[in-house]
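Here's the structure, in structure tokens; my notes come after.
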Amino acid sequence: MRKILLLLAVLVLVAGCGNVEGSVSTPGFLPVSASITVSDHKVEFKGEVSMATPLGEVSIGVTIGEPIDDDKIRVVFRDHHRLGGTDQVFDVRTGGDEFEAVLDGRTVVTVRDHQVVIDITDSSVTEVRFRPTEASARAGQGWWATTFYHPFDLFDWAYSDATMTDWPPLGFIWFLVRLVFALLLAVLDVYLTLVFVLAWLVSLVGGNTGGNITVGLCALVTIFAIGAFVTSA
């Protein structure tokens, strides 16, 4: 009976770990942002300033002659009052991903065709940060962006030391119980991690379909192996 329960548990775990569509949280910002001095609307970059290249300040609408590289976005800060109306132009290195600009942590401005124009005339904008769009982040993460399981998910789910100092000694005892349970799950985690890393490697060549097939084949092999073990015992 115990072997049958073990078989059912493994079937549930392996079958539930396929590559399925899921939501992805918005990735972090670039380590560079633009700060606008409100008094004179002068734009300065902070953070890794080497990622931003100033191209100059020109009259509104005047095109900067240099072409935009594929791994950069062109950011134009437009001020209708400064010096009779100017564009302060910068190239920001992004690595080729699609990006969007977040104004003061609230308003999002989409970058189109590697260029974005941000109006700072009314001085309400004081800081601009840049982040990849969600679609670009998904494409960049590939297999791991949509897979149901990630390495050592079960251990992370089971382990917690938050209660160690609560209700002595019950909090510590509960911590020990969860630790033992997490270590047991870690054994299964090692197997699942190997399967999904292998599927990720296959997905680099065959796409997510190849990764899904790899997970499915591993699941079938596991089912047959456990079935053979149960029937032979």
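Just so you know, we're using the numbering used here here: the sequence shown kicks off at -6 and counts up by one.
Glycine residues also receive a C-beta, built at the ideal position from the N, C-alpha and C atoms.
Item	Value
Three-state secondary structure assigned by DSSP to residue 119	coil
Beta bridge counterpart(s) of residue 38 as assigned by DSSP	27
Straight-line gap, residue 158 to residue 165 (C-alpha atoms, nearest Å)	7 Å
Coarse secondary structure for residue 224, derived from DSSP in three states	helix
Close Cβ partners of residue 18 (< 7 Å) along its chain, the five nearest in sequence each way excluded	Because the pLDDT of residue 18 is 30, which lies under 50, any placement of that residue in the model is unreliable, and the number read from its coordinates should be weighed accordingly. Nothing listed; no residue qualifies.
Inter-residue spacing [alpha-carbon to alpha-carbon] between residue 73 and residue 193	51 Å
Cα-Cα separation, residue 137 to residue 143	7 Å
Contact between the segment 160 to 179 and the segment 199 to 218 (3+ Cβ pairs under 8 Å)	no
Buried/exposed call for residue 218, threshold 16 Cβ in 10 Å	exposed
Residue 94 and residue 109 closer than 8 Å at C-beta	yes
Close-in-space but distant-in-sequence residues of the same chain around residue 153 (CB under 7 Å, 5 per side omitted)	171
Paired residues, beta bridge with residue 109 - DSSP	68
DSSP state of residue 204 mapped onto helix, strand, coil	helix
N- and C-terminal bounds of the alpha helix (DSSP H) containing residue 151	146 to 151
Helix, strand or coil at residue 192 according to DSSP, with G and I counted as helix	helix
Alpha carbon of residue 141 to alpha carbon of residue 65, nearest angstrom	33 Å
Straight-line Cα distance separating residue 151 from residue 4	The predicted position of residue 4 is uncertain, since its pLDDT is 37 and thus under 50; no value can be drawn from it.
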